[in-house]
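Residue 150 in numbering that gives the first Met the number 0 sits at position 151 of the sequence shown, with consecutive numbering throughout.
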Amino acid sequence: MTLTTLDPQTALVVVDLQNGVAALPAAHPMDTVVKNAAALADAFRSHHLPVVLVTVSGGAPGRTEQAPRSIGSLPPGWADLIPELKQQPGDHTVVKKTWGAFTNTDLADHLERLGVTQVVVLGVATSVGVESTARQAHEHGLNVALAVDAMTDMNADAHENSVARIFPRLGETGTAGDIIKLLAATRA
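Written out as structure tokens, the structure is:
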């Protein structure tokens with residue numbers, strides 16, 4: 000469903016826009032994803048709405064056919080947030096070790112304390128961290144919106160599957176520009 004509204008207490012959740020992830024080959028130009036993500040973070044802050052910045056620093060245990068990257072063997076600064084997000088003291092940070100930002104973190108409690116009823120989710124990778132976080136938000140009873148031009152994947156088919164088939168079942172989708180316009184209209 001196309002984005003129709005934003006709740007008065009909506010939070011922005013930026014998933015894995017960190018140095019190492021942003022440097023990986025992606026299906027869409029990373030500079031566009033970063034520009035749109037930064038614009039959304041600025042807009043949420045200007046409207047005094049919560050901004051959550053999520054990074055990944057590990058992986059869930061268990062066997063998989065595709066070997067996970069070992070975070071410990073990655074270069075220094077790999078897990079640092081990209082500077083374009085301009086992290087602010089009021090931003091909430093979450094360090095996750097699984098695909099979704101709610102598992103074994105304080106994210107659900109943090110959003111509940113703030114009275115958040117909706118999240119706008121974006122970041123990398125669309126079919127992994129973004130989709131998992133959106134699914135978990137939906138399962139926590141939050142309204143979900145997804146900024147489709149502020150996300151990408153390492154695989155174009157996986158990105159398209161999430162955007163076309165999964166996200167419409169979890170919430171509403173729109174562009175960063177759509178979301179910024181709705182913020183301005185509802186917060187005026």
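Where is the CB? At the ideal position from N, CA and C, for every residue including glycine.
Would you grab the beta carbon distance between residue i and residue j for me? Rounded to a whole angstrom, and I think it's under 8 Å.
| i | j | result |
| --- | --- | --- |
| Ala-10 | Val-55 | About 19 Å; that fails the 8 Å criterion. |
| Gly-173 | Ala-144 | 7 Å |
| His-27 | Thr-151 | 4 Å |
| Gln-87 | Arg-44 | 6 Å |
| Gln-117 | Leu-5 | 6 Å |
| Ser-21 | Ile-81 | One point to set straight first is that residue 21 is Ala, not Ser, in the sequence displayed. Going by Cβ atoms, the distance from Ala-21 to Ile-81 rounds to 5 Å, so yes, they are a contact pair. |
| Leu-182 | His-46 | 5 Å |
Using the C-alpha atoms, what's the distance from residue j back to residue i?
| i | j | result |
| --- | --- | --- |
| Gly-76 | Arg-164 | 35 Å |
| Asn-154 | Ala-25 | 7 Å |
| Asp-148 | Asp-108 | 28 Å |
| Val-32 | Thr-92 | 20 Å |
| Ala-42 | Asp-105 | 24 Å |
| Ala-124 | Val-14 | 8 Å |
| Met-29 | Leu-121 | 13 Å |
| Leu-113 | Asp-156 | 36 Å |
| Thr-79 | Lys-96 | In the sequence on display, residue 79 carries Asp and not Thr. Rounded to the nearest angstrom, the two C-alpha atoms are 14 Å apart. |
| Pro-49 | Val-12 | 9 Å |
| Pro-167 | Ser-126 | 14 Å |
| Lys-180 | Asn-160 | 26 Å |
| Val-162 | Ser-131 | 13 Å |
| Asp-90 | Leu-84 | 10 Å |
| Thr-1 | His-158 | 17 Å |
In this structure, how does DSSP classify residue i when only helix, strand and coil are distinguished?
| i | result |
| --- | --- |
| Leu-189 | The structure shown does not extend to residue 189, since the chain is modelled only from 0 through 187, so no value can be given for it. |
| Lys-85 | coil |
| Thr-4 | coil |
| Lys-96 | coil |
| Leu-39 | helix |
| Ala-78 | coil |
| Ala-26 | coil |
Identify which residue in the options has its Cα closest to the Cα of residue i.
| i | options | result |
| --- | --- | --- |
| Leu-94 | Gln-17, Val-120, Asp-156 and Asn-142 | The displayed chain sequence assigns Val, not Leu, to residue 94. For the residues Gln-17, Val-120, Asp-156 and Asn-142, the minimum Cα distance to Val-94 belongs to Gln-17. |
| Pro-74 | Gln-8, Phe-43, Gly-19 and His-137 | Gly-19 |
| Gly-128 | Glu-159, Thr-104, Gln-117 and Ala-100 | Ala-100 |
| Gln-8 | Val-119, Leu-84, Gly-89 and Asn-103 | Val-119 |
| Asn-35 | Ala-146, Leu-182 and His-158 | Ala-146 |
| Gly-170 | Leu-110, Asn-142 and His-46 | Asn-142 |
| His-139 | His-46, Glu-83, Thr-102 and Glu-159 | Thr-102 |
| Asp-177 | Met-29, Val-53 and Ala-38 | Ala-38 |
| Ala-136 | Glu-159, His-158, Leu-110 and Ser-126 | Leu-110 |
| Trp-98 | Ile-179, Asn-160 and Val-53 | Val-53 |
- Task: Scan the region 98 to 174 and note each continuous beta strand (DSSP E) run of 3 residues or more that stays entirely inside, going in chain order.
- Result: As far as the region 98 to 174 is concerned, its whole beta strand (DSSP E) runs of at least 3 residues are 117 to 123, 142 to 151 and 171 to 173.
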